Amino acid sequence: MDISGESSAGMASSPCANSNFDSGLEIKTRSVEQTLIPLVSQITTLINHKDKPKKSERTLTAIHRVGQAVSVAVGRFVAVGEAIATENQELKDEMGQACFEARRAGDAIAQLTDVGSPLSCQSDGRVTVFSDRTGMVKAARLLLSSVTKVLVLADRIVIKQIITSRNKVLVTLDHLERVSTFQEFVQIFSQFGNEMVEFAHLTGDRQNDLKDEKKKARMAAARAVLEKCTMMLLTASKTCLRHPDCESARINKDAVFHRMRCALEQVIEIVTEARSCGENRVLPASIYNGIKDFKSSVECLRESLYSLSPQSVGSQLEALVERTEDFTDSAYTSHEQRQAILGLCQLARQDTQQLVHAWVEAQSAHAKEATEDMEVAILKTCQSVSDLRRELHKVAVGRASELLKVHGEQLPLRALKAAGAEGNLEAVAEYSRKLTEQKEQLVETCRLLCHVSGTEPLEITCIHAEETFHVIGPQIISAAQTLALHPSSKIAKENLEVFCEAWESQLCDMALLLREINDVFEGKRGDKRPYLSLPRPGKHSANLKTAKAVKLDAEEQTSMAKLGLELRLLSSDMDTEVEKWEEPEHDIVRQSQSLASMAYNMYLFTRGEGLLKTTLDLFHQAEVCLSISAGLQLCSSLRTFSAQLVDEERSEVMTEMEKLLALCQQLQMGAKTPVQGKTATFQKVPTLRLCVSFCVFVFIFICVYSY
Numbered sequence: 129m130d131i132s133g134e135s136s137a138g139m140a141s142s143p144c145a146n147s148n149f150d151s152g153l154e155i156k157t158r159s160v161e162q163t164l165i166p167l168v169s170q171i172t173t174l175i176n177h178k179d180k181p182k183k184s185e186r187t188l189t190a191i192h193r194v195g196q197a198v199s200v201a202v203g204r205f206v207a208v209g210e211a212i213a214t215e216n217q218e219l220k221d222e223m224g225q226a227c228f229e230a231r232r233a234g235d236a237i238a239q240l241t242d243v244g245s246p247l248s249c250q251s252d253g254r255v256t257v258f259s260d261r262t263g264m265v266k267a268a269r270l271l272l273s274s275v276t277k278v279l280v281l282a283d284r285i286v287i288k289q290i291i292t293s294r295n296k297v298l299v300t301l302d303h304l305e306r307v308s309t310f311q312e313f314v315q316i317f318s319q320f321g322n323e324m325v326e327f328a329h330l331t332g333d334r335q336n337d338l339k340d341e342k343k344k345a346r347m348a349a350a351r352a353v354l355e356k357c358t359m360m361l362l363t364a365s366k367t368c369l370r371h372p373d374c375e376s377a378r379i380n381k382d383a384v385f386h387r388m389r390c391a392l393e394q395v396i397e398i399v400t401e402a403r404s405c406g407e408n409r410v411l412p413a414s415i416y417n418g419i420k421d422f423k424s425s426v427e428c429l430r431e432s433l434y435s436l437s438p439q440s441v442g443s444q445l446e447a448l449v450e451r452t453e454d455f456t457d458s459a460y461t462s463h464e465q466r467q468a469i470l471g472l473c474q475l476a477r478q479d480t481q482q483l484v485h486a487w488v489e490a491q492s493a494h495a496k497e498a499t500e501d502m503e504v505a506i507l508k509t510c511q512s513v514s515d516l517r518r519e520l521h522k523v524a525v526g527r528a529s530e531l532l533k534v535h536g537e538q539l540p541l542r543a544l545k546a547a548g549a550e551g552n553l554e555a556v557a558e559y560s561r562k563l564t565e566q567k568e569q570l571v572e573t574c575r576l577l578c579h580v581s582g583t584e585p586l587e588i589t590c591i592h593a594e595e596t597f598h599v600i601g602p603q604i605i606s607a608a609q610t611l612a613l614h615p616s617s618k619i620a621k622e623n624l625e626v627f628c629e630a631w632e633s634q635l636c637d638m639a640l641l642l643r644e645i646n647d648v649f650e651g652k653r654g655d656k657r658p659y660l661s662l663p664r665p666g667k668h669s670a671n672l673k674t675a676k677a678v679k680l681d682a683e684e685q686t687s688m689a690k691l692g693l694e695l696r697l698l699s700s701d702m703d704t705e706v707e708k709w710e711e712p713e714h715d716i717v718r719q720s721q722s723l724a725s726m727a728y729n730m731y732l733f734t735r736g737e738g739l740l741k742t743t744l745d746l747f748h749q750a751e752v753c754l755s756i757s758a759g760l761q762l763c764s765s766l767r768t769f770s771a772q773l774v775d776e777e778r779s780e781v782m783t784e785m786e787k788l789l790a791l792c793q794q795l796q797m798g799a800k801t802p803v804q805g806k807t808a809t810f811q812k813v814p815t816l817r818l819c820v821s822f823c824v825f826v827f828i829f830i831c832v833y834s835y
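If you're matching positions, the sequence shown starts at 129 in this note's numbering and goes up one per residue.
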């Protein structure tokens with residue numbers, strides 16, 4: 129869009145093309161940008177009208193209509209801004225001033241576009257867009273600047289909400305770390321779970337809204353840590369409470385709390401643009417970027433022979449070759465691969481030397497442009513470094529693929545679980561060494577993938593994968609040591625299982641990362657692989673129509689992940705309460721565990737993991753596990769149980785039981801509702817989640833009441 133006129137030489141073409149305004153504001157989120165686009169379009173229409181001597185009635189009517197539409201929209205917008213200012217006193221002055229300027233600019237545009245008829249606007253001498261084009265441009269500039277300021281100020285409220293939410297999480301996290309009784313932990317963790325869900329909602333929305341892809345990738349990495357660590361924190365804390373004198377359990381727990389605090393801090397650094405250690409931490413120099421910069425320098429010689437010195441180009445190549453030592457010095461690089469890389473580095477040196485020779489000759493001859501010899505040398509040099517990049521990519525991706533294939537069997541993890549359950553400390557130590565070796569291989573492979581990733585967001589994801597393997601490896605070992613010391617402890621066994629699941633999950637994430645790196649290398653950067661939910665006919669789908677594959681965009685994937693996290697936390701609360709029952713085979717306990725298991729499966733589905741592979745699988749499990757028969761069985765158990773309670777308690781339990789039965793009926797109807805198309809399918813998932821979530825809540829209420 130070009131917002132320009134005869135007197136608007138200095139005006140930005142659009143707020144979306146150039147985010148810096150007279151007010152010094154910068155647009156950092158897509159929501160602000162998208163809000164401004166319609167306004168820019170309307171103002172462009174007003175300013176760029178054709179300046180014909182005669183204006184038709186139709187033209188005047190159109191200009192008047194657009195001007196009035198802008199004025200009305202600004203009025204509504206300002207009203208919202210003023211309401212925000214009233215609710216947030218710290219922004220009242222700034223927001224009030226911005227709203228005042230926006231209203232003034234909107235009124236000015238309304239007056240300038242009040243053109244009436246062709247005769248009246250010529251005869252009455254009124255100032256209009258035709259007679260005062262400069263005034264229209266000034267009003268447009270003021271309007272865009274003030275509206276943008278209002279939007280950016282409103283965005284501060286979102287940042288404030290995230291910071292407030294983080295602070296609440298940190299306070300509760302401190303309380304959790306200091307609890308000394310199991311009952312106190314259960315109460316505080318329930319509060320912590322609710323606060324983490326709120327934080328996940330706020331940060332998920334913010335992640336989708338960010339324009340900067342690097343910040344998006346960093347936010348995704350931090351949120352992934354928080355999601356996985358929430359479950360680790362639950363089991364690690366419970367293990368530490370159950371075995372307070374166990375040093376390995378304490379080490380395991382402390383590591384989880386430390387990692388969660390670091391991730392929370394990273395989120396705040398991103399949203400507030402703090403530069404304490406986030407933005408100042410420069411990404412490691414990757415070979416991909418080194419090759420790209422080197423080729424750019426070489427190709428620039430076609431435009432100017434004198435902008436660079438031959439020494440600088442030679443130094444640039446040597447710095448690039450030095451980075452390949454991460455490949456050639458690795459113990460896991462084969463002799464053939466090492467020789468191929470060294471050979472290509474030497475070829476790149478020779479071609480660069482030939483280029484420098486031709487370049488010096490051209491300068492000596494005072495040539496104004498690249499000679500034929502230089503052109504040939506430039507092509508050969510660019511080709512040799514491209515061949516080097518291709519070889520490095522093949523080595524890194526090949527090693528990663530091989531590691532994923534070998535480690536997919538999870539032999540060290542299985543052996544560690546078995547050794548821990550047997551109380552065999554020697555075997556745990558032996559398999560811990562094997563896991564440590566596996567960890568070092570994966571960490572180094574992530575480092576090599578970072579070199580060839582191709583984009584900065586993928587580099588950040590590689591670094592996150594490297595850090596995750598580096599941290600989780602020792603945590604698995606400490607959890608296995610705890611289990612070996614207490615082989616009969618169910619909670620220690622569950623704790624080890626959770627950490628092993630996190631390791632396996634990271635391997636799955638690494639496989640996806642590998643595919644994305646390959647896509648970039650093959651030029652498929654724009655073809656983002658969507659999250660696929662594939663409803664298809666099957667043995668459990670007699671009541672569902674055949675549906676096409678459903679692709680969920682980034683926002684819908686995030687929404688699914690949020691719902692999954694809520695279910696996971698609820699199922700964790702359920703497990704915690706069930707543990708307190710003295711009769712593990714009681715009907716209510718058994719049915720509660722069944723529901724918690726179902727909620728966990730739904731959580732895994734939102735992560736693309738677990739037994740549920742399609743939305744049809746999800747709907748079928750919801751229908752079966754909370755069918756009318758299951759609901760009636762549970763209600764029968766609850767009636768029997770309520771007979772043991774006093775009148776007031778019995779009344780409370782019976783009330784919740786009625787809610788449960790109604791929700792089971794609602795869930796069955798929802799699960800059987802035919803779905804056709806993406807929207808219906810996507811909307812059905814949260815509908816089922818609401819029913820299941822509340823059923824879990826009812827279970828927890830009953831468990832707490834009976835304890």
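Just so it is clear, CB atoms sit at the ideal spot from N, CA and C, and this is done for glycine as well.
Computed from a predicted structure; not experimentally measured.
Just grab the DSSP bridge partners of residue i for me.
i, result
"T157", "L338"
Who are the Cβ neighbours of residue i in its own chain at under 8 Å, not counting the five residues just before and after it?
i, result
"Q319", "T300"
"S425", "L436, S440, V441 and Q444"
"E427", "I506 and C510"
"L472", "S512, D515, L516 and E519"
"I588", "K342, A345, R346, A349 and L411"
"H535", "Q566, L570 and L635"
"L642", "V525, A528, S529, L532 and L577"
"G406", "The predicted position of G406 is uncertain, since its pLDDT is 42 and thus under 50; a value taken from the coordinates is nonetheless stated next. So the list reads R346, Q394, E397 and I398, once near-sequence residues are dropped."
With a threshold of 6 Å on Cβ separation, who are the neighbours of residue i within its own chain once the five nearest residues in sequence on each side are excluded?
i, result
"L597", "Reading off the sequence shown, one finds Phe at residue 597, where the question assumed Leu. Correct list, in chain order: K567, L570 and V571."
"A398", "For clarity, residue 398 is Ile in the given sequence; the question names Ala instead. Taken in chain order, the residues that qualify are K343, R346 and M347."
"S560", "I605"
"L448", "G418 and F422"
"L532", "A639"
"V384", "C357, M360, L361 and A364"
"I600", "A630 and W631"
"S581", "E587, C590 and I645"
"S376", "S606, Q609 and T610"
"A391", "A350, V353 and L354"
Could you give the first and the last residue of the continuous alpha helix (DSSP H) run that contains residue i?
i, result
"Q467", "H463 to S492"
"E503", "E500 to H535"
"T241", "Where T241 is concerned, there is no enclosing alpha helix (DSSP H), given that its DSSP letter is neither H nor E."
"L773", "Taken as a continuous stretch (DSSP letters only), L773 belongs to no alpha helix (DSSP H), as it is neither H nor E."
"V626", "K618 to F649"
"D457", "That residue, D457, is in no alpha helix (DSSP H); it is neither H nor E in DSSP."
"N216", "Careful: N216 lies outside any alpha helix (DSSP H) and carries neither H nor E."
"K423", "I415 to C428"
"T589", "E584 to L613"
What residues in its chain sit with their C-beta under 7 Å from that of residue i, if we drop five residues either side in the sequence?
i, result
"E222", "L281"
"S251", "Unreliable positioning characterises S251 in this predicted model, as indicated by a pLDDT of 47, which lies under 50. A coordinate reading is not provided."
"N408", "At N408 the pLDDT is 47, less than 50, meaning the model places this residue with poor confidence; the figure from the coordinates comes in the next sentence. Answer for N408: no residue qualifies."
"Q465", "V523"
Figure out for me which residue from the options has the closest Cα to the Cα of residue i.
i, options, result
"V202", "A190, S159, L270 and L188", "L270"
"E431", "A459, T499 and G551", "T499"
"H579", "L516, Q474 and K366", "L516"
"Y460", "V523, L330 and F627", "V523"
"A612", "T262, C574, A547 and A238", "A547"
"M502", "L641, S492, W487 and F327", "W487"
"E550", "A268, G234 and S616", "S616"
"V307", "G263, C368 and V297", "C368"
"A352", "M388, V208, L624 and V194", "M388"
"A268", "R370, A236, F313 and E595", "A236"
"L338", "K545, V286 and H371", "V286"
"R294", "A233, Q491, M324 and V265", "M324"
"L354", "I316, I212 and V297", "V297"
"K652", "S765, Q491, T583 and L433", "T583"
Enumerated in chain order, which unbroken segments of the beta strand (DSSP E) with a length of 3 residues or greater are wholly contained in the segment 331-386?
none
My parser needs the alpha helix (DSSP H) runs of 4 or more residues fully inside the segment 534-563; what are they?
539-550
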